[in-house]
Structures are given as C-alpha cells and as structure tokens.
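Order-wise, the sequence lines are chains X and D.
For the first sequence, the working numbering assigns the number 2 to the initial residue and increments by one for each residue that follows.
For the second sequence, the working numbering assigns the number 36 to the initial residue and increments by one for each residue that follows.
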Amino acid sequence: MKNKKTAVFDGLLGDNTVLSALMVISPVIMCGSTLMNAVALMYAFSAITFFSVLIGSFVPKRLPYAAKIIIRAVIASIVYIPVRTVAREFFPDVITRVGIYFPLLAVNSLIVVQSETKFARMKRGTMIASLVFYILGFDAVMAVTAFVRELLAYGTINGRLVDADTLISGLGLPFGGFIFLGLLCGLYRKVRSVIRRENSETGGDGNVSGN
Amino acid sequence: MFLVTELVTLLATNLILTQALGTSTLFIAAGNRKNLLWTAITITVFTSVGSGAAYTVNRLLPNGLADLTLLFYTLIVGAIYVLFLAVLYYTDFASFATARKYVHISAFNCAVMGTLFTITERAEAYPELNTFVRFVLSGAEAGTGFILAAFILTAAYRKLNSAKVPASFRGFPAMLVYLGLISMAVYALR
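What follows is the structure in structure tokens.
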C-alpha cells in the first residue's frame, strides 16, 4: 500500500499529468516545439493551475457537483487575466505565436476534473504539495518535449543554432508532436514498469506505480 | 463526388487532427463506444450553441476588454452545461444520474473552448465569416469533426489495445502515434 508521503510525489513521475493520464496534451503537441514557447506555457500553466486549484479548494463541498465545476472554471478564467498581463510583459512574441492555446490552459483537466476528483479530497497542506508535483510533472514533459523537438526539427536550442547534421522538420509540426508524445509516453510506461518491478522485488513501496 | 469533397474538407479542417484540440477528451471517452458517441454528440451540441453565444459576446465585448473573453466564454459554456443538465433531468431522469458526472468533461475542454476561440480567430481574419449563422455552422462543423475523429479512433481501438502491441505502447501511446499518422495524412491533404 502506498504511503501518503510518496503519493504526494506521484504527479512528477508515477501519475504524470501528461504521460500517464494524457491530460493537457494539446499545448504540448501544438506549442511544445520550441523552448521559448515551452517556457511561456510552463509559466502560464503553473500560475493558472496553482492559484485556480488553491482558490478553488475554498469552494464549499456541499454545493452541487455541476456548480463546483462551473465555479472552478470561472476562477481559472479570472486567474488567467493577471497571468496573461504578466506574460505580455515577459513573453510578448510567444503570446502571439501560442495564440488560442494560452487561454485554453485555463480549462485544463487538472483544474476542471482532477481538482474535484483528487485534490478536493486531500487536506490543504497535502493538496498544495501534491499539486506542485503535478505541475512540475507537466513542466518537465513540456521542457523535454520542446528541447528534443526544437533540436531535431530546427537544429536550434532556445533559438541558438547548433551543429545538428540531420533535421526532421516534421517533428515541429502537429503530427510530429502526436508521434513524439506517443513514443515518449511508451518510454515513460516502460521505465515506470521497470521501476515498479524492481521496487516489488526489493520490497519497496512501489511509489512509482501511480495508478 | 460532393460527399467526398465534403469529407476531405471536414478532415482538413478537423480540430483534433490539425490542432490537437479535444484529444484528451477523445482518449478519456475512447474506452467505451457508447460513451464516445455520446461525448461526441454532447460536444457537438456545446460547440454549436456555444459558437452562437460566442458571436454575441464578441459583438458586445469592447476591444479593450479582450482579456475577459475567456471569462465570458466560460460563463457561456457554464450556462449551456446547466441547461443541458436541466433538459436531461426533465426528459430522461434515468440517464441524468449517470450522465451528470460525465457531461462536464464534454463541456469544459479544449475541444469546446478551442472551437470558440478558433472560430473567433477565423472571423477576425475573414470578415465574411463574422455572422451568427456562420458561427453556429462552424461550431456544428467542429463538433462533426470530433465525431469523425472519434470514428477514426474507434475503428482501430481494438487493434491498438491488442496483445500484439508491446505492453508499454498498448493503449494511449499507440493511439497517439496512430492519430499522428492520420494527422500526417490530413496535413498532406491541406
């Protein structure tokens, strides 16, 4: 049985937002092709999700399910406004490039679905710690995806040209994003199952299993 | 020939295959054919009605308050969500108890919100699309595109989940690669 301490870290590896549950994958596929996009989206996702879930945790539990979902979505839409204002200062070009995927981060499954099914059942302290790791899980996948796709598709790292012999331009396109994420997801599952097997053989708590 | 042209157009403008919008929802619902069909139909209702309402919001919202667009779209979707549940409650109470836990997945997702934003973006680029009827039709088209993508995924669902696929790639990873290949074909169509 998984203990509480290790369950808090699940969001990073064992139950990764993107790779395990395939949540919030549209921005990763469409915008995770350069590190510049990735950094702006990581900031927006982290800020919107953290504050929305945190503020949403004060929504009375006795309210009807539908009302809670709507209130949480409205909170996220309000949190989005200052986040966008700040982003306009720091990432003016990226905001234009990312387009509709920036506001779409506010209706991500972590806020709308997971906040009710998972976070609402936790104590506030545990919830915050767990939420931080779920956010870091998304950020890590976004960073890795953007780094590899930018390097292989454009031969650059954060916009700087590197000495790459072979370029796969398709990786920078949406279909490349689908395929890359599929392969990354398969690799992640393989690693997770190996760690889980090792944990069970050595009598560990199997905290990487996640689900 | 007309049908083929329409099908190609629908594929080429498909929001899932070209913009990855609603992919998570598609995967959540993919486990059950009946679920997938109902999710797709519900999304079509939300995109069609929501697009009509989005047109009204776009007309009324001053340019200086563009950052509030998301908030208003969320309120629109919230209102449709409540209306949808109310209709379900009074027409088919047996289904209501089961459906109320799933309808929100069809309501608050990238497919619906993305459709509203995409249609608005297109209307800004092509003023002739900036009419109420065009908004509703585009919303319905996006929903139909979702149904088509759901159909494409369902066609291969069993094979992608079969024992022949390596355990690590079975299910979601294989479905992602599969959608990637379909998306590549659609990219060639464009």
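In this text, a Cβ means the ideal position worked out from N, Cα and C, and glycines have one as well.
Per DSSP, the bridge partner or partners of residue i
i	result
X/Arg-161	X/Ile-158
Beta carbon of residue i nearer than 8 Å to that of residue j
i	j	result
D/Leu-50	D/Ala-89	no
X/Phe-181	X/Leu-168	no
D/Gly-113	D/Gly-174	no
D/Ser-59	X/Leu-23	yes
D/Tyr-108	D/Met-148	yes
X/Gly-33	X/Ala-41	no
D/Phe-119	D/Val-171	no
D/Ser-218	X/Phe-179	yes
X/Ile-30	D/Ala-132	no
X/Ser-131	X/Gly-12	yes
D/Thr-189	D/Ser-141	no
D/Asn-93	D/Thr-179	no
X/Gly-156	X/Val-163	yes
X/Val-87	X/Ile-49	no
D/Val-253	D/Thr-53	Because chain D spans 36 through 225 in this model, residue 253 of chain D falls outside it and cannot be assessed.
X/Val-54	X/Ile-112	yes
X/Leu-105	X/Pro-28	yes
X/Met-37	X/Asn-159	yes
D/Phe-143	X/Ala-144	no
X/Val-142	X/Leu-20	yes
D/Leu-61	D/Ala-184	yes
D/Gly-57	D/Ala-191	no
X/Ala-107	D/Leu-105	yes
X/Phe-139	X/Thr-18	yes
X/Phe-10	X/Phe-134	yes
D/Leu-96	D/Leu-103	yes
X/Ser-47	X/Arg-125	no
Helix, strand or coil at residue i according to DSSP, with G and I counted as helix
i	result
X/Met-2	Residue confidence for X/Met-2 is low, a pLDDT of 47 falling below 50, so the modelled location carries little weight; the figure read from the coordinates is stated next. Three-state result, X/Met-2: coil.
D/Ile-140	helix
X/Leu-168	coil
D/Glu-159	helix
D/Tyr-222	helix
D/Asn-93	helix
X/Ile-101	coil
D/Asn-98	helix
D/Val-200	coil
X/Asp-11	helix
D/Arg-205	coil
X/Ala-1	Residue 1 of chain X lies beyond the residue range present for chain X, which begins at 2 and ends at 212; the question has no answer from this structure.
D/Phe-186	helix
D/Ser-130	helix
X/Lys-221	Look at the range of chain X in this structure, 2 to 212, and you will see that residue 221 of chain X is not part of it.
X/Gly-33	coil
X/Asp-94	helix
X/Val-60	coil
D/Thr-74	helix
D/Thr-150	helix
X/Gly-207	Here the model assigns X/Gly-207 a pLDDT of 45, short of 50, so the residue's position is not dependable and the matter cannot be decided.
X/Ser-21	coil
X/Pro-65	coil
D/Gly-215	helix
X/Thr-146	helix
X/Val-114	helix
X/Leu-214	Residue 214 of chain X lies beyond the range of chain X shown here (2 to 212); nothing can be said about it.
X/Asn-212	For X/Asn-212, the predicted structure reports a pLDDT of 38, less than 50, and the residue's modelled location is therefore unreliable. A value from the coordinates is still provided. Looking at X/Asn-212 - three-state DSSP - the assignment turns out to be coil, as it is neither helix nor strand.
X/Lys-119	coil
X/Thr-86	helix
Short of 7 Å Cβ to Cβ, which residues in the segment 116-133 of chain X face chain D? none
Tell me which residues of the segment 19-31 of chain X have at least one Cβ-Cβ distance to chain D shorter than 9 Å, keeping chain order. Leu-20, Ser-21, Ala-22, Leu-23, Met-24, Val-25, Ile-26, Ser-27, Pro-28, Val-29, Ile-30, Met-31
Going along the chain, which unbroken runs of the alpha helix (DSSP H) with 4 or more residues stay wholly within the segment 41-70 of chain D? 50-54, 58-64
What residues in the segment 80-98 of chain D bring their beta carbon closer than 9 Å to a beta carbon of chain X? none
Within 8 Å of chain B by C-beta, residues of the segment 149-178 of chain X in sequence order: No chain B is present in this structure, whose protein chains are X and D.
Members of the segment 191-202 of chain X near chain D, C-beta cut-off 8 Å: Lys-191, Ser-194
For the segment 117-133 of chain D, which residues have a beta carbon sitting closer than 7 Å to at least one beta carbon of chain X? Val-117, Leu-120
Between the segment 39-73 of chain D and chain X, which residues of the former have a C-beta closer than 7 Å to a C-beta of the latter? Thr-53, Gln-54, Ala-55, Leu-56, Thr-58, Ser-59, Phe-62
Counting only Cβ-Cβ distances shorter than 8 Å, please list the residues of the segment 76-97 of chain X near chain D, keeping chain order. Ala-77, Ser-78, Ile-79, Tyr-81, Ile-82, Arg-85, Thr-86
Under 7 Å, CB to CB, which of the residues in the segment 170-195 of chain D have a partner in chain X? none
When you check each C-beta in the segment 210-222 of chain D against every C-beta of chain X, which residues fall closer than 9 Å? Met-210, Leu-211, Val-212, Tyr-213, Leu-214, Gly-215, Leu-216, Ile-217, Ser-218, Met-219, Ala-220, Val-221, Tyr-222
For the segment 143-167 of chain D, list every residue whose C-beta sits within 7 Å of some C-beta in chain X, in sequence order. Phe-143, Asn-144, Cys-145, Met-148, Gly-149, Phe-152, Thr-153, Glu-156
Short of 8 Å Cβ to Cβ, which residues in the segment 53-77 of chain X face chain D? Tyr-66, Ala-67, Ile-70, Ile-71, Ala-74, Val-75, Ala-77
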